[in-house]
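Protein chains in written order, with our numbering: chain L, 1 to 168; chain U, 1001 to 1179.
The next block holds one structure in the form of structure tokens; read it before the comments.
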């Protein structure tokens, strides 16, 4: 084997190794779900504060200058109606969804009050969760069962995290 | 007589209603230090809590076991501050957070079972702002700033990391106990 053959073999080996290396890197990357992302972009060009369960995405979106809560079925890519959750006199700040999508925890600003609420989708009702001692809620997180929530609360100029267990 | 009885009945029902509402909420005693605590994130099973604590001007993620209040160790998240927007999988096997590397913001997912860390850089000039991990860790929703606009993109993590399912609780706890 002459030196030219050695050179060709080295170049081929390098090429194959590069392909294998690139393949390994690409396999390790997270893949955007383009079809869902495109569908979401068609609904609105502005979404924020995502909360994900295995089947649902809940987020805040801005429509005609007004923030509102939207729920999207990831599999069907359909927007789900949430009757009674978005009001003309309130502004949502944070939202979180349970695993089965039946419960949402939300923080909203209404007049000069900031409220923490639980929304039950099956009945379309909102339940106010009172903070004792009083505080201003900011961000909320719900567990998968929708029965435990953690909320960021401001009291006397300091942020605390409080965990609340709901009995029902 | 009937009207009086009806009023009493309505009063009793109202009182019961108020009592049942107030009893629905229980609060855990505060076991956290006297620092600002922000951006709470519960694990799917409600047993673990991640949040951001301000350590001398460096917002850092902290993970607590709510059953005993213990701080749980995080191997790969003691640097790359500031951290923001933590999110946990079902059993808290995975913790995802937005962190800083050089001038770039990136997503870091720590696997507490294997001790591995997955760094997920965001391609282009887009900057991650908030994230949410699905309970089974199969998907990640990422809020990014793209050309001055907020948008959310969904990413598929299957093939990248193993799922964290409710049935994995026993396996996860046993594995940690063995370690």
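Note that the Cβ used here is the ideal one computed from N, Cα and C, for glycine as well.
Remember, it's a predicted structure, so these values are computed and weren't measured experimentally.
Could one say the Cβ of residue i lies closer than 9 Å to chain L's Cβ atoms, at least one of them?
{"i": "residue 1071 of chain U", "result": "no"}
{"i": "residue 1044 of chain U", "result": "yes"}
{"i": "residue 1156 of chain U", "result": "yes"}
{"i": "residue 1041 of chain U", "result": "yes"}
{"i": "residue 1153 of chain U", "result": "yes"}
{"i": "residue 1133 of chain U", "result": "yes"}
{"i": "residue 1141 of chain U", "result": "yes"}
{"i": "residue 1103 of chain U", "result": "no"}
{"i": "residue 1056 of chain U", "result": "no"}
{"i": "residue 1166 of chain U", "result": "yes"}
{"i": "residue 1125 of chain U", "result": "no"}
{"i": "residue 968 of chain U", "result": "Given that chain U is displayed from residue 1001 to residue 1179, the structure contains no residue 968 of chain U and the question cannot be resolved."}
{"i": "residue 1130 of chain U", "result": "yes"}
{"i": "residue 1136 of chain U", "result": "yes"}
{"i": "residue 1074 of chain U", "result": "no"}
{"i": "residue 1077 of chain U", "result": "no"}
{"i": "residue 1015 of chain U", "result": "Note on residue 1015 of chain U: pLDDT 42, under 50, position unreliable in the model; the coordinate value appears next. So no, residue 1015 of chain U is outside the interface."}
{"i": "residue 1084 of chain U", "result": "no"}
With a threshold of 8 Å on Cβ separation, who are the neighbours of residue i within its own chain once the five nearest residues in sequence on each side are excluded?
{"i": "residue 75 of chain L", "result": "55"}
{"i": "residue 153 of chain L", "result": "131, 135, 136, 137, 138, 159, 160, 161 and 162"}
{"i": "residue 967 of chain U", "result": "Residue coverage of chain U in this structure runs from 1001 to 1179, which leaves residue 967 of chain U outside it and unanswerable."}
{"i": "residue 102 of chain L", "result": "120, 121, 122 and 146"}
{"i": "residue 157 of chain L", "result": "none"}
{"i": "residue 1036 of chain U", "result": "1053 and 1054"}
{"i": "residue 1040 of chain U", "result": "1049, 1050 and 1051"}
{"i": "residue 53 of chain L", "result": "97, 98, 99, 100, 101 and 144"}
Hey, residue i and residue j are a contact pair by Cβ (cut 8 Å); roughly how many whole angstroms apart?
{"i": "residue 50 of chain L", "j": "residue 1138 of chain U", "result": "Between residue 1138 of chain U and residue 50 of chain L the Cβ distance is about 15 Å, and since that is not below 8 Å, they are no contact."}
{"i": "residue 94 of chain L", "j": "residue 140 of chain L", "result": "5 Å"}
{"i": "residue 1086 of chain U", "j": "residue 1100 of chain U", "result": "No, residue 1086 of chain U and residue 1100 of chain U are not in contact; Cβ-Cβ is about 14 Å, not under 8 Å."}
{"i": "residue 1066 of chain U", "j": "residue 1047 of chain U", "result": "6 Å"}
{"i": "residue 117 of chain L", "j": "residue 126 of chain L", "result": "5 Å"}
{"i": "residue 1152 of chain U", "j": "residue 1128 of chain U", "result": "The Cβ separation is near 11 Å, so there is no contact."}
Using DSSP's beta-bridge definition, name the partner residues of residue i.
{"i": "residue 1118 of chain U", "result": "U:1109"}
{"i": "residue 1149 of chain U", "result": "U:1146"}
{"i": "residue 1162 of chain U", "result": "According to DSSP, which records beta bridges pairwise, residue 1162 of chain U is partnered with nothing at all."}
{"i": "residue 143 of chain L", "result": "Partner(s): none; residue 143 of chain L has no beta bridge."}
{"i": "residue 1097 of chain U", "result": "U:1108"}
{"i": "residue 1082 of chain U", "result": "None, per the DSSP bridge assignment."}
{"i": "residue 1156 of chain U", "result": "L:31 and U:1139"}
{"i": "residue 1088 of chain U", "result": "U:1095"}
{"i": "residue 131 of chain L", "result": "Residue 131 of chain L is not bridged to any residue."}
{"i": "residue 160 of chain L", "result": "L:153"}
Comparing the C-beta of residue i with each C-beta of chain U, is any distance below 9 Å?
{"i": "residue 18 of chain L", "result": "Unreliable positioning characterises residue 18 of chain L in this predicted model, as indicated by a pLDDT of 46, which lies under 50. The coordinate reading is nonetheless provided below. So, not an interface residue."}
{"i": "residue 71 of chain L", "result": "no"}
{"i": "residue 139 of chain L", "result": "yes"}
{"i": "residue 86 of chain L", "result": "no"}
{"i": "residue 32 of chain L", "result": "yes"}
{"i": "residue 48 of chain L", "result": "yes"}
{"i": "residue 126 of chain L", "result": "no"}
{"i": "residue 158 of chain L", "result": "yes"}
{"i": "residue 147 of chain L", "result": "yes"}
{"i": "residue 117 of chain L", "result": "no"}
{"i": "residue 113 of chain L", "result": "no"}
{"i": "residue 25 of chain L", "result": "Reliability fails at residue 25 of chain L, whose pLDDT of 38 lies under 50, so the model's placement of it is uncertain and the value that follows must be treated cautiously. Closer than 9 Å: no."}
{"i": "residue 143 of chain L", "result": "yes"}
{"i": "residue 136 of chain L", "result": "no"}
{"i": "residue 52 of chain L", "result": "yes"}
Regarding residue i and the ligand GDP, is the C-beta to nearest heavy atom distance less than 8 Å?
{"i": "residue 86 of chain L", "result": "Absence of the ligand GDP from the depicted structure is noted, as is the absence of any ligand whatsoever, leaving it without description."}
Ordered along the chain, which non-local residues of its own chain (more than five positions away) have a Cβ less than 6 Å from that of residue i?
{"i": "residue 165 of chain L", "result": "148"}
{"i": "residue 155 of chain L", "result": "135"}
{"i": "residue 1044 of chain U", "result": "1090 and 1135"}
{"i": "residue 1166 of chain U", "result": "1090"}
{"i": "residue 8 of chain L", "result": "none"}
Excluding the 5 residues flanking residue i on each side, which residues of the same chain have their C-beta closer than 7 Å to its C-beta?
{"i": "residue 1022 of chain U", "result": "Model confidence at residue 1022 of chain U stands at a pLDDT of 42, short of 50, so the residue's coordinates are unreliable; what they give is reported in the following sentence. Answer for residue 1022 of chain U: no residue qualifies."}
{"i": "residue 1155 of chain U", "result": "1139, 1140 and 1142"}
{"i": "residue 77 of chain L", "result": "36 and 39"}
{"i": "residue 73 of chain L", "result": "55, 56 and 80"}
Can you name the residues of chain C whose CB is closer than 7 Å to the CB of residue i?
{"i": "residue 1147 of chain U", "result": "No chain C appears in this structure, whose protein chains are L and U."}
For the stretch 79–118 of chain L, which segments carrying the beta strand (DSSP E) assignment without a break, of at least 3 residues, lie completely within its bounds, in sequence order? 90–97 and 103–110
Going along the chain, which unbroken runs of the beta strand (DSSP E) with 3 or more residues stay wholly within the stretch 1045–1080 of chain U? Fully enclosed beta strand (DSSP E) runs of 3 or longer: 1048–1055 and 1058–1065.
Unbroken stretches of the alpha helix (DSSP H), 4 residues or longer, contained in the stretch 28–86 of chain L: 34–43
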